[in-house]
Amino acid sequence: GSSHLKMAYEEVLFPKGIDTVKQGNSELFRFIGDKIMWEAMDINNTCSIHQIVEDTLSEAKHKQWDFNDFIAMSKWKAKGGLAYNKIFMERMRKKIESGEKNSQK
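According to this note's numbering, the residues represented by the sequence shown are 54 to 158, in order.
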């Protein structure tokens, strides 16, 4: 056997945790993820990952963003579904119910 770490090709190029191409991600998330990933992998990079992240977040903070860049999409699944969708729906139901009670007074 080899003493080298064995990894699939995709695992080397795209570290786990940076899912910039997933459906539903906002443009803001894509900008930050892509910029960090490509700068970290740049052959001429001399900065630490920490510095790249700080610089990217600072740039994102000062960039002129359109309101639509913050919109993230999700898909509702009646069976099973995603936990954060369920939490959001429950919170909205409670808000509507409390609003109805307040308007009846």
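By construction, the Cβ of each residue, glycine as well, lies at the ideal position given by its N, Cα and C atoms. Remember, predicted model here, so these are calculated numbers, not experimental data.
Between the Cα of residue i and the Cα atoms of the options, which residue gives the shortest distance?
i	options	result
Lys-114	Ala-136, His-103, Ile-85	Ile-85
Leu-81	Cys-100, Tyr-137, Glu-107, Lys-116	Lys-116
Alpha carbon to alpha carbon, how far is residue j from residue i? Give it in angstroms, no decimals.
i	j	result
Ser-111	Ile-96	22 Å
Gln-104	Arg-144	38 Å
Ile-149	Ile-124	23 Å
Glu-146	Ile-102	In the sequence under discussion, the amino acid at residue 146 is Arg, which differs from the Glu named in the question. Their backbone Cα atoms lie some 42 Å apart in a straight line.
Met-94	Gly-152	51 Å
Ala-136	Arg-83	22 Å
Within a Cβ cutoff of 8 Å, which residues of the same chain sit near residue i, ignoring the five residues on either side of it in sequence?
i	result
Glu-64	Per-residue confidence for Glu-64 stands at a pLDDT of 49, beneath the threshold of 50, marking its modelled position as unreliable; the derived number appears in the next sentence. So no residue of the chain qualifies.
Asn-98	Glu-92, Ile-105
Cys-100	Glu-92, Asp-108
Leaving out five residues on either side along the sequence, give the residues of the same chain with a beta carbon under 7 Å from the beta carbon of residue i.
i	result
Lys-88	Thr-109
Met-142	none
Ile-140	none
Hey, residue i and residue j: beta-carbon distance below 8 Å or not?
i	j	result
Ser-79	Asp-122	yes
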